[in-house]
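Numbering-wise (our numbering), the sequence shown opens with residue 907 and increments by one. All C-beta atoms in this analysis are idealised placements derived from N, C-alpha and C, irrespective of residue type, glycine included. Data block below; observations after.
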Amino acid sequence: MTTLAPSAASSSSSTPYLLDPPARFRDLVASEWIKTRSLRSTPWALAFITLFVIGSAAVATLADKAAGSEPGSFLAYDSFSSPGYMTLMLFAGSMGALTVVSEYSSGLIRTTFAAVPARGAVVLAKAVVTALLWTAVGTAAALGSFLVSQAILNGHGAAVAITHPDVFRPLLASALLAPVCALTGLGLGVLIRHAAGTMLATVFGLLMLAPMFSESNRWSADVKHTMLSSAWARLVQTYEPNPDSLGYSATLPGAWAVFALWPLIAIALAVVVVRRRDV
C-alpha cells in the first residue's frame, strides 16, 4: 500500500505563523524622532523662538536704566525677560500639542495605532522625543539669554559669572520651562484631540489663568501658585519675599513641585485616556 504525502497546504496550516516581534520602545522613539525632524518647518521654528527669547533679554537689559547701580548683583529679570519666556511658554505648549493633534487631524494616528497596538507606549515615545528636543531648545535659550545679558551689562561693570550663587536656579528653571510646557501641551493634545480646542486650553492654562488670581487672599494665592507661570516667576526671583508683605508668596519647593507635576499629570492622563477610548 502507498500513503499520501501531506499536501503543502496542510503542512503550512499546521505550522504556526511567524509573527513579527512587537516594536521595541527605542524603535518607537526613533520613529517619533523621524516624524519630528522630517518637518522642514521645525528647525526654523525652533531657531526663531530661541533667537526671540535671547533678543528679548537683550532688549530688557538695554532698557534697564538701573543696570549697573549695584555691581555684583545678578539681574535675573534682565537675563530672563518675562515677555520672552511667556512667548516661549505659548510656543512650546502649542508645538507640543501639535505633535499629536496633527496626527489626529490627518488620520495618521489610526495607522500608528494599527501598527503599534500599545497606545500608551506611543504616547510615552512622543513624550520622550518632546522632552529631549525642548530641553535642548530651553537650554540654548536660557544660556543665550544669560550670556547676551551679561555681555551688555559688562559695559556697565555689572556683569556676573555663570558661577554666581544666584544664577543657577533661575537658569535651570528657565531651561526647564520649555520642556515642561511642551509636555503639558502634548498631554492636552491627546486629551482634547482637536486643534482649536487644544490651542485654547493651552493658552488659557499656561498664560491666562494665573493673572486671574491675586496673592492678597490665601485661597487665591494657593490657586495662583499652582500655575506654571507663577512657579517660574518664583524660581527666577533671586530675592527673598518681604516677611512684612500682605501677600502670600510661593515657596521654592512648591514651585519646583508645580514644575514636576504639570507634565507628569498631563502625560499620565494622556496614557490612561488613549488606552481606554477609540481613536
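query, result
"Cβ pair G999, L1112 closer than 7 Å", "yes"
"Unbroken alpha helix (DSSP H) run spanning V1073, endpoints", "Per DSSP, V1073 belongs to no alpha helix (DSSP H) and is neither H nor E."
"Distance, S1155 Cα to N1123 Cα", "11 Å"
"Status (buried if at least 16 other CB within 10 Å, exposed otherwise) for K971", "exposed"
"For L1038 and P1085, the rounded distance between their alpha carbons", "8 Å"
"Which listed residue (V1043, W1162, T942, G1050) has its alpha carbon closest to that of L1004", "T942"
"Same chain, Cβ closer than 7 Å to A1065, five either side skipped, listed in chain order", "Q1056, L1059"
"The region 1020 to 1037 touching the region 1127 to 1146, judged by at least three CB pairs closer than 8 Å", "no"
"V959: first and last residue of the uninterrupted alpha helix (DSSP H) it sits in", "947 to 969"
"C-alpha distance - T1045 paired with R1182, whole-angstrom precision", "36 Å"
"Other residues of its chain near A915: CB distance less than 6 Å, five sequence neighbours each side excluded", "The pLDDT assigned to A915 is 47, lower than 50, so where the model puts this residue is not dependable; a value taken from the coordinates is nonetheless given after this. Taken in chain order, the list of residues that qualify is empty."
"For M995, the nearest candidate out of F1119, V1177, Q1143, M1114 (CA to CA)", "M1114"
"Alpha carbon of S944 to alpha carbon of L934, nearest angstrom", "15 Å"
"Beta carbon of G1050 nearer than 7 Å to that of I960", "yes"
"Span separating the alpha-carbon of S987 from that of L952", "18 Å"
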